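Here's the structure we're looking at; comments come further down.
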Amino acid sequence: MYRVDLAKVTDKEGFLEAISKAMDFPDWFGHNWDALADCLTDLSWMGADGYVIILDHADGFAQASPTDFATALSVLQDASDTWREDGVPLWTLVGTASDGLDWLQDIE
1 MYRVDLAKVT
11 DKEGFLEAIS
21 KAMDFPDWFG
31 HNWDALADCL
41 TDLSWMGADG
51 YVIILDHADG
61 FAQASPTDFA
71 TALSVLQDAS
81 DTWREDGVPL
91 WTLVGTASDG
101 LDWLQDIE
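Reminder that position 74 of the sequence shown reads as 74 in UniProt numbering, one-by-one numbering, no gaps.
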């Protein structure tokens, strides 16, 4: 399980930094969406039977940069789909304030 604190994240760069630190990405991580996808679909440096990624305090990032937030969720979903094909669960949980859930319904 990996907890990614997004309390101070407002943009793509901040998100990529936060997730790379929380998940201890390798030095070759390129801090872009493609590199994130590569790391999330590899995970060879942390072999496990399954993975849970918790995005804590996601409200600020989602509101400050909705396009980047949607892209991040899309990359995470694609990684989850890839792992599912191999029978390995990868779950992403999005933590928000209880009154801040409406925007999640708008993400496609």
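Every residue, glycine too, gets a C-beta built ideally from N, C-alpha and C.
All values derive from a computational prediction rather than experimental measurement.
Per DSSP, the bridge partner or partners of residue i
i   : result
R3  : I54
W91 : V52
Per-residue DSSP class, three states only, for residue i
i   : result
M46 : helix
F15 : helix
P26 : coil
D86 : coil
K8  : coil
S65 : coil
T71 : helix
T41 : helix
Supposed contact pair residue j and residue i - C-beta distance, whole angstroms, cut 8 Å
i   : j   : result
G95 : D68 : Their Cβ separation, rounded to whole angstroms, is 17 Å, which puts G95 and D68 out of contact at 8 Å.
S44 : T10 : 31 Å between Cβ atoms; not a contact.
W83 : L90 : 4 Å
A79 : A37 : 6 Å
V88 : G50 : 6 Å
F25 : C39 : 5 Å
Notebook entry, point to check: Does the count of Cβ pairs from the segment 2 to 11 and the segment 56 to 65 closer than 8 Å reach three?
Noted result: yes
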